[in-house]
Amino acid sequence: MEIRKATLMDCYPLAELALIAGEGIPAFFWEQSKENEQDILAVGARNLESESENFSYKNAHVATIEGNIAGMLLAYRLPSKEEAENLYDYPEFIRPLIELEQCVPDSFYINMLASYPQYRNKGIGTALMSTVNKLAQNANCQTVSVEVFGQNEGALRLYQRLGYHIVESRDVIPHPCHKYTGKIFLLTKAISHEVAK
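Those letters in the sequence shown? Residues -3 to 193, by the numbering used here.
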C-alpha cells in the first residue's frame, strides 16, 4: 500500500469515495447544482477540481494498492472564529455539522475518510490516518477534529481507538438524504509534536 497526495487526475475516484464517506450529503448538494442530465459524480469531480475551496483534491490523500486507488482522506485547517461561515447560508439539516466545526476553529479537520467496499478491512483507514499528525503540523494546527454520526459505530470505534475523544455533540436533524438519527459527535485529539522520522 502507498499513501500519496491526490492529483487533479484523481478527482473522479475522489468523488466516488466522497459519496461513500458523505453517506448521502454530497449527493444532495451535487444534485442541486447539476445541469440537465449531468451525472452527479461529474459534478462532484468538478467541485473537487477547485484550487481554492477546502473541498478540493489539493486537500486529499489517497491510498493505492497495486496502483489502484483504494481509499482517501480529505482534511484541512478550519477557519478561525473571525472567518466562521454563516450557519444560515446552509440548509437546516447541515447546520449542526457547521456548528460543531465552529467549536474547533483553527483545528485540522478530517472532512472525509473512505475506502471502496472491496478494500475494506485491509487497514486503509488506519494507514491514511497515520498521515494526519504530520499534515496537521504542516498546517500549524494544535488539534485534529472529526465529526461522526453516533450510529456510525465502526467509524466511532476507529477514531476512539486512535485516541480521539468526544468533546461535543448535536442532535441530528433528519433528512431524506441520509439515514441517521440521534447524535452527531465532535471528536478531537491533540497532535503529537514528535519529530517525524
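Ideal placement from N, C-alpha and C gives every residue a C-beta, glycine not left out.
Looking at the DSSP output, Gly67 shares a beta bridge with Ala59 and Ser111.
In this structure, the straight-line span from the alpha carbon of Asn134 to that of Glu79 is close to 20 angstroms. CA-CA distance, Ala23 to Leu152, rounds to 23 angstroms. For Ile16, the enclosing alpha helix (DSSP H) begins and ends at Cys7 to Gly18. For Leu182, the uninterrupted beta strand (DSSP E) run begins and ends at Lys179 to Ala186, by DSSP. Judged by their CB atoms, Ile65 and Pro113 are not nearer to each other than the 8 angstroms cut-off. DSSP places Tyr84 within a helical segment (H, G or I) once states are collapsed to three. Where Ser141 is concerned, the enclosing beta strand (DSSP E) starts and stops at Thr139 to Phe145. Take the alpha-carbon of Cys7 and the one of Thr127: they are about 20 angstroms apart.
For Val140, the CB contacts under 7 angstroms within the same chain, skipping 5 residues up- and downstream, are Ser103, Phe104, Ile106, Val128, Ala132, Thr184, Lys185 and Ile187 in chain order. When Glu31, Met(-3), Glu27 and Ser52 are compared, the shortest CA-CA separation from Met5 is found for Ser52.
Between the beta-carbon of Phe181 and that of Ile162 there is about 5 angstroms, and that keeps the pair under the 8 angstroms contact cut.
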